[in-house]
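So the protein lines, in turn, are chains S and E. Using my numbering, read the first sequence as starting at 167 and increasing by one per residue. Using my numbering, read the second sequence as starting at 182 and increasing by one per residue. A virtual CB, placed ideally from N, CA and C, is assigned to each residue, including glycine. Here the structure comes first, spelled out in structure tokens, and everything after it is commentary.
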Amino acid sequence: DAGVIQSPRHEVTEMGQEVTLRCKPISGHNSLFWYRQTMMRGLELLIYFNNNVPIDDSGMPEDRFSAKMPNASFSTLKIQPSEPRDSAVYFCASSPQGSGANVLTFGAGSRLTVL
Amino acid sequence: AQSVTQPDIHITVSEGASLELRCNYSYGATPYLFWYVQSPGQGLQLLLKYFSGDTLVQGIKGFEAEFKRSQSSFNLRKPSVHWSDAAEYFCAVGEFGNEKLTFGTGTRLTIIP
């Protein structure tokens with residue numbers, strides 16, 4: 167099992183540019199989560215999907231952020247336009263249904279720097 | 182709404198000494214409780230979890246945690262720390278029927294020789 171795979175691991179961009187972060191969950195996992203980690207705010211849940219359907223996007227900061235899950239093996243988090251305050255580490259996590267629900271497996275994260 | 186408090190931002194422990202990291206939660210019913218560890222530049226790894234039953238749960242790497250309902254606590258312990266335990270530790274709370282987890286702000290653990 168390759169685990170949760172995120173790309174890119176590091177992204178440096180300029181303010182105003184579009185950023186797309188990608189995530190491949192563990193095969194067979196039904197839920198996918200996007201978290202953001204900053205020194206000031208810690209780990210914040212941005213959005214999560216169950217069976218490819220967005221369930222809770224109340225953590226998405228504003229309209230500049232969007233997330234999609236077109237199929238069970240792929241999700242994207244897009245920021246357009248990016249701003250310096252978006253600089254953070256973005257984590258994707260997945261979990262199975264049933265007795266394993268709530269047990270999240272995290273990817274290694276995508277570190278975003280917006281200049 | 183559920184919440185988690187980790188009162189210690191940073192703890193320093195000598196190698197070989199015992200460790201206890203504190204976690205308090207706020208939730209009306211019986212929570213699901215978790216401890217995760219994050220090494221520098223890495224994602225979060227599950228150490229242990231509590232769903233129900235025995236209030237003392239064992240995890241990986243020699244860690245254990247005890248659920249105390251009366252104190253709304255789920256403290257993490259290890260009898261003897263190793264230099265490789267230096268990392269950031271996160272407590273998290275979830276609930277039955279809702280898959281998302283709420284994380285505490287983390288405790289950074291430094292090990293000194």
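In or out: residue i buried (at least 16 other Cβ within 10 Å) or exposed?
i              : result
T291 (chain E) : exposed
W216 (chain E) : buried
W264 (chain E) : exposed
I241 (chain E) : exposed
K259 (chain E) : buried
P174 (chain S) : exposed
Would you list the one or two residues that DSSP bridges to residue i?
i              : result
L211 (chain S) : S:Y201
L191 (chain E) : Note that residue 191 (chain E) is His in the sequence shown, not Leu. E:R289.
R188 (chain S) : S:S173 and S:T242
P220 (chain S) : S:F215
V178 (chain S) : S:T279
S265 (chain E) : Answer is none; S265 (chain E) lacks a bridge partner.
S184 (chain E) : E:S207
Since residue i meets chain S, which of its residues come closer than 7 Å, beta carbon to beta carbon?
i              : result
F284 (chain E) : G208 and L209
K230 (chain E) : V269
Could you check where the beta strand (DSSP E) with residue i kicks off and where it finishes?
i              : result
A273 (chain E) : A268 to E276
S254 (chain E) : S254 to K259
E201 (chain E) : L200 to L202
Y206 (chain E) : N205 to S207
E280 (chain E) : N279 to F284
- Task: Could I get the ranges of all uninterrupted alpha helix (DSSP H) runs contained in the stretch 233 to 275 of chain S, with 4 residues as the minimum, in chain order?
- Result: none
- Item | Any beta strand (DSSP E) of 3 or more consecutive residues that is wholly inside the stretch 211 to 249 of chain E | 213 to 219, 225 to 231, 237 to 239 and 245 to 249
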